[in-house]
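Below is one structure, written out as structure tokens; comments come after it.
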Amino acid sequence: MNSHLTISGGATPPPRAPLYDLQAISRTFPFGRTDVQALRDVSLAIRHGEYLALCGASGSGKSTLLNLLGLIDFPTSGTLRLEGDDVAALDEVRRAECRSRKIGFIFQNFNLVPVLSALENVMLPLHIQGQSAAQASARARHWLEQVGLEGQLHFRPDRLSGGQRQRVAIARALITEPRVLLADEPTANLDSRTGDGVMELLASLNRSTGATCIIATHDPRLMERMPRLVRLTDGRIVDDCAREAA
């Protein structure tokens, strides 16, 4: 039997391309009369649906790499492809569209609008996309229920705990149904119990939605739970370990 055919006789589909494909990526920032190299010759493939951590000490390059994956920043050299597209070839309009439709951001400091309720904060990305208030409200309610905040829809951020604010930020990131969730130190401002709850929620959402979840962290307790760790030191990948999550 031909090894390239299925048992039913149909052609075997080609393997799916990685969600992200980075080849020899470097990122340099000017600093006075010298340059600081934040990333050095980074090559990395990330598959659809993965749940992984970028880890390392402060200054290791993990946040710089996260910004590149989020199309917020550009590499100085090398090639970064998202779903097969070379992002360097995208104009700013297409890059912005990619960011808004394919990528959800979860920020360390939540970045919630203080004068808006939890519901209104989560609705914001859909307002920006031009969806009606009724559509945006219905979807925001759905995602706030998914993260356990159906009882706090109309609370402003100052009436929410740190863990609840982080859950609002997660719901806001998910409302556009992105292919990718990027989280920058999502447990840094939380106590250990609340942080554990946030990580359990992210793992559950990764399984239920299929969204790729990429977390930048230096929290050893969080790292122990991740099925894949990409460790950076001085802007280089020094270890890329897939394993059973603890």
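So in UniProt numbering the end of the sequence shown lands on 246, straight run, no missing numbers. Glycine included, C-beta positions come from ideal geometry on N, C-alpha and C. None of these values were measured; they are calculated from a predicted model.
Per DSSP, what are the beta-bridge partners of residue i in this structure?
i	result
Thr-28	Gln-37
Ala-216	Leu-54, Asp-184
Val-42	Ile-25
For residue i, name the three-state secondary structure that DSSP assigns.
i	result
Leu-19	coil
Thr-194	helix
Asp-158	helix
Asp-239	strand
Thr-76	coil
Thr-233	strand
His-4	Low confidence applies here, because His-4 scores a pLDDT of 46, under 50, leaving its location unreliable; read the following figure in that light. Coil.
Val-113	coil
Ile-103	strand
Leu-68	helix
Just how far apart, CA to CA, sit residue i and residue j?
i	j	result
Ala-136	Gln-37	42 Å
Arg-40	Gly-61	9 Å
Gly-195	Gln-164	11 Å
Ala-134	Pro-75	40 Å
Ala-242	Ala-169	28 Å
Trp-143	Thr-209	12 Å
Asp-73	Gly-235	15 Å
Short check: CB of residue i to CB of residue j, under 8 Å?
i	j	result
Ala-53	Leu-229	yes
Arg-159	Asn-121	no
Met-199	Tyr-51	no
Val-180	Arg-167	no
Arg-47	Leu-68	no
Leu-149	Gly-104	no
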